[in-house]
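With my numbering applied, the sequence shown has no gaps in its numbers, which climb one by one up to 471 at the end.
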Amino acid sequence: MTDRLAAVVLAAGMGTRMKSERPKVLHPVAGKPMIDWALDAAVAVGADPVVVVTAPGQQAVRDAVAGRAATAIQEQALGTGDAVKPARDALAAIAAAGGTVLVLYGDTPMITPATLARMVEARAAQDRPAVVVLGFEPDDPALYGRLVLGADHGLDRIVEARDAGPVEREIGLCNGGVMAIDAALLFPMLDALGNANAKGEYYLTDLVGIARSLDRRCAVVTCDPIEPMGVDSRAGLAAAEAAMQIRLRAVAMAEGTTLVAPETVFLSHDTRLGRDVTVHPHVVFGLGVTVADGAEIRSFSHLEGARVAAGAIVGPYARLRPGADIGEGAHIGNFVEIKNATVEAGAKANHLSYVGDARVGAGANIGAGTITCNYDGFAKHRTDIGAGAFIGSNTALVAPVRVGDGAIVGAGSTVTRDVAADAMTVVRGEERTIAGGAARFRSRRIKPAGPATGKR
Ligand code: UD1
Ligand code: MG
């Protein structure tokens, strides 16, 4: 039987350097709040419960995780060791039953479930290490805690940079911040923590020394240095975003999507791209986009809350807003905006149109400059366009309005009444031609000497 597993996510730090009204851990990376990256990773490896520790003033964080995690409050930021203590009640059951408690930070969105799983696995080793620490070798160890290994290559202790002597400071293997701790020992060890150190804080890292003094082994699991990357500032947030984008692009390509210029495509954590989808340079995927197999998303398009079916072509310069549902083989061209509208299979809207709160039937053709006038200043109204209908260029469809299957609307029409199936409607001012009128106009307005220049 596998051990029980719980997790504590520390998020009580003040995040002052973000200079933000919003708690640091609620800032998104690839469209997902940082706290959720941590929470989801913990849940993905089977942690239950997950406890999020916040500062008293961070109600917004507690609200954001409500229903998905238990919460606890650290009254004062007295250090990472102190921060785990408020989770005591929520972890009482696992502390009694035994198992593993993962401790991770709310501001390290790159930590993967796979890495957490390796740490949990390491806890299950024969010698049952009491603490498994995530180690990594950063380019610049700077202020990271240093991992001091014993003769047996086990972990002997962690020395915080500020407390390290010159020899310890030379150690390249650092603490990535995640620990997997023997649940039965966690709180007794936390109670044994002191704060006689450079920062006057209760260091979670001191649990290693305490476990060793109890004659328990400790171990290190190493990871890619990108994973423990923490966010403290806006620049750090941008760096995490860049790292996450690289990861998401790699996953998309590994699953069979062509990204012509991956570094120019921006994905959300939940973007779903099918096989043989081609994404051309400079495309932004906001939240909630699914693109089915073989579809093509051309340059400079922006998609959010949209579905694109197999074989459809979107862009260049298209905008799909929430509720856009583009059917199989449909074409959405340049400067076309689709919102809360279904464009059925094979339909086309190729140029300069707004289609909102609408259905465009299969095979229908929406001419350049067609606008669904869906808003009257008070409410939104629907436009329904039947299969195979033809909407001439520069048509205004004043909703609510229906155009039946196979109907034709002449270019330039402003349609306010329903058009029956197979009917033809043209709503236009009468065209009047005056033979020779232009020449006479010019002769009245322009000096005889010069040709018409168009300027006055
Ligand atoms: C910590 C580690 C260090 C490690 C580094 C990795 C300790 C003593 N040091 O240092 O070994 O290399 O992370 O990034 O653990 N937090 C609270 N309450 C507190 C203090 C912190 O909730 O009282 C939270 C913060 O919000 C943050 C996390 O704990 O999410 C880490 O705190 P931080 O101050 O960044 O620790 P470091 O000094 O970077
Ligand atoms: Mg830090």
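Note that beta-carbon positions come from the ideal geometry of N, C-alpha and C, so glycine has one too.
Evaluate residue i with the Cβ neighbour count: other Cβ atoms within 10 Å of its Cβ, from every protein chain shown; 16 or more gives buried, anything less gives exposed.
| i | result |
| --- | --- |
| T69 | buried |
| D122 | buried |
| E445 | exposed |
| K214 | exposed |
| P203 | exposed |
| P181 | exposed |
| M16 | Here M16 scores only 46 on pLDDT, less than 50, and its place in the model should not be relied on; the value that follows carries that caveat. Classification of M16: exposed, given that the 10 Å Cβ count is below 16. |
| G165 | exposed |
| S283 | buried |
| G114 | buried |
| H346 | buried |
| A59 | exposed |
| G4 | With the chain represented from 16 up to 471, any question about residue 4 goes unanswered, as that position is not in the structure. |
| E359 | buried |
| G407 | buried |
| G376 | buried |
| G431 | According to the sequence provided, residue 431 is Thr. The question's Gly does not apply to it. The residue is exposed, with fewer than 16 neighbouring Cβ atoms inside 10 Å. |
| G28 | buried |
| G344 | buried |
| S368 | buried |
| A21 | buried |
| R290 | exposed |
| G342 | buried |
| Y159 | buried |
Going by C-alpha to C-alpha distance, which of the options sits closest to residue i?
| i | options | result |
| --- | --- | --- |
| A105 | L219, A53, V24, D55 | V24 |
| G401 | Y390, P64, R417 | R417 |
| C189 | M439, A199, V76, V148 | V148 |
| N212 | V223, G94, M125 | G94 |
| M33 | N210, L158, V246 | V246 |
| I312 | G348, V146, A79 | G348 |
| R293 | L200, V329, G28, D178 | Sequence check: residue 293 is Thr here, not Arg. Closest by alpha carbon: V329. |
| Y217 | V223, R227, L205 | L205 |
| A307 | F315, A321, A325 | A325 |
| A45 | E319, V58, G378, D391 | E319 |
| G72 | K39, A62, A234, D51 | K39 |
| G224 | T272, E175, G30, I381 | E175 |
| A57 | H42, D78, A92, R19 | R19 |
| A26 | G61, G96, H295 | G96 |
| R322 | D291, A356, L119, E152 | A356 |
| E183 | A140, A110, R37, R172 | R172 |
| S314 | A327, V280, T127 | V280 |
| D340 | P331, H366, R460, V370 | V370 |
| R143 | I449, A234, A276, Q260 | A234 |
| A84 | V99, D55, A107 | D55 |
| D239 | Q141, F151, A129 | F151 |
| G378 | F405, I386, T385 | F405 |
| S228 | P277, A207, V65 | A207 |
| V472 | D391, I386, S458 | The structure shown has nothing for residue 472, since the chain only spans 16 to 471. |
Using the C-alpha atoms, what's the distance from residue j back to residue i?
| i | j | result |
| --- | --- | --- |
| A310 | A362 | 14 Å |
| T286 | K395 | 28 Å |
| E90 | M134 | 29 Å |
| A438 | A373 | 20 Å |
| R447 | G338 | 43 Å |
| D51 | V351 | 34 Å |
| A454 | T273 | 57 Å |
| T429 | D399 | 15 Å |
| S316 | V298 | 5 Å |
| G403 | R397 | 18 Å |
| G30 | S248 | 8 Å |
| L170 | G191 | 14 Å |
| T440 | V304 | 36 Å |
| A333 | N409 | 18 Å |
| A102 | K47 | 24 Å |
| R231 | A139 | 14 Å |
| A7 | E242 | With the chain covering 16 to 471 only, the question about residue 7 has no answer from this structure. |
| E236 | Y120 | In the sequence as presented, Glu is not what sits at residue 236; that position holds Val. Those two C-alpha atoms are separated by around 17 Å. |
| I461 | I449 | 19 Å |
| L252 | H168 | 35 Å |
| A364 | G421 | 16 Å |
| G452 | L302 | 57 Å |
Quick check on residue i - is its C-beta less than 8 Å from some C-beta in chain B?
| i | result |
| --- | --- |
| E278 | Absent from the structure: chain B. Only one protein chain is present. |
- Message: What ranges does the beta strand (DSSP E) occupy inside the stretch 76–159, keeping only unbroken runs of at least 3 residues that lie completely in it?
- Response: 85–88, 115–120, 146–151
- Task: Give every residue whose Cβ lies closer than 7 Å to any heavy atom of the ligand MG, listed in chain order.
- Result: G245, D247
- Item | 3 or more residues per run - each beta strand (DSSP E) lying fully within the stretch 204–276 | 233–237
- 3 or more residues per run - each beta strand (DSSP E) lying fully within the stretch 25–70: 65–69
- Message: Runs of 3 residues minimum, wholly inside the stretch 400–450: which ones carry the beta strand (DSSP E) assignment?
- Response: 411–413, 416–418
- Task: Just list the beta strand (DSSP E) runs in the stretch 319–375, keeping only unbroken ones of 3 residues or longer that don't cross its boundaries, in chain order.
- Result: 333–335, 339–341, 346–358, 363–375
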